[in-house]
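Working notes for the structure below.
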Amino acid sequence: MPIEDAQRWNQRYQAEVKNALVNHRQFLHDNAKYLPKKGVILDVAMGLGKNAGFLLSSGFQVIGVDISFAGVSIAKEHFPEIQALVADLNHWIFPENYFDGIINFYYLQRDLFPKFKYILKSGGILIAETLMKVSIKVKPELTPEHLLDHGELLSLCQDLEILEYREGLVKSRRGLELSIASIIARKG
Ligand SMILES: C[S@@+](CC[C@H](N)C(=O)[O-])C[C@H]1O[C@@H](n2cnc3c(N)ncnc32)[C@H](O)[C@@H]1O
């Protein structure tokens with residue numbers, strides 16, 4: 044339901060922008076060293092662009108894609124150098140062997156993972172993190188299809204070389220302990 048998703052995220056971003064823009068993701072911060080020294084990074088479902096902004100400040104070019112016009116507008120306002128696109132990732136056409144890195148934070152679209160291998164350059168890095176199904180216990184409003192099973196992120200990346208993988212807990216902005224899985228993988 045991409046149209047409903049776009050509307051929901053547009054409303055949320057318009058309402059919460061000040062709180063939501065605080066920080067880029069800790070896992071990206073801690074593991075950006077795995078990325079090639081320079082190049083083009085795709086930010087999948089980039090939201091307000093805080094992860095993209097961090098990568099720009101580290102010297103990368105960033106192409107950010109998100110279905111939310113409000114999110115992309117705010118991202119461009121704060122980080123004008125992002126090459127930002129409003130697009131539904133269910134229908135986006137990806138260029139082959141193009142990206143030096145891909146980041147995919149808190150957006151799960153399972154059929155993208157084979158495409159990640161296709162669009163990464165050889166040696167390119169994927170950094171991904173998202174919520175696991177057990178998070179429903181503390182946040183019942185989550186949609187189960189958007190959440191990972193134990194070990195699922197590893198399976199989704201099976202055609203890539205796994206450099207790091209973890210399952211663990213993060214504290215949300217509202218103080219909830221959410222279960223997440225995180226991965227760093229390389230195209231051989
Ligand atoms: C939880 S936010 C994650 C934002 C950002 N990656 C982060 O780490 O904060 C999920 C994002 O997915 C975007 N999204 C949802 N469905 C999408 C789709 N079909 N195509 C592209 N973006 C989508 C939403 O607009 C929203 O910005």
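Quick note: the sequence shown uses the working numbering, first residue 44, plus one each step. By construction, the Cβ of each residue, glycine as well, lies at the ideal position given by its N, Cα and C atoms. As the structure is a computational prediction, the values presented were derived from the model and not from experiment.
C-alpha distance - H189 paired with L199, whole-angstrom precision = 14 Å
request  = Can you tell me which of K80, S100, G107, G82 puts its alpha carbon nearest to the alpha carbon of M89?
outcome  = G107
message = Helix, strand or coil, according to DSSP, for E204 in the structure here?
response = strand
request  = Return the chain-ordered ranges of every alpha helix (DSSP H) run that is complete within the region 93-140 and spans a minimum of 4 residues.
outcome  = 93-100, 112-121
query = Taking 6 Å as the line, does the beta carbon of S111 fall inside it for any heavy atom of ligand 1?
reply = yes
request  = Hey, could you find the ends of the beta strand (DSSP E) S225 is sitting in?
outcome  = 220-229
inquiry  = Shorter than 6 Å, the distance from the beta carbon of D43 to the closest heavy atom of ligand 1, or not?
reply    = Outside the displayed span of the chain (44 to 231) sits residue 43, for which this structure offers no information.
ask   = By Cβ distance below 7 Å, which residues in the same chain neighbour P45 in space, the five residues on each side in sequence not counted?
value = I110, D131, N133
request  = Would you give the residue range spanned by the alpha helix (DSSP H) that S198 belongs to?
outcome  = 195-199
ask   = Quick one: does the C-beta of A88 sit closer than 6 Å to a heavy atom of ligand 1?
value = yes
Beta carbon of L221 nearer than 7 Å to that of L191 = no
Residues that DSSP places opposite R209 in a beta bridge = S225
ask   = For the 8 Å Cβ check, are there 3 or more pairs between the region 131-150 and the region 198-212?
value = no
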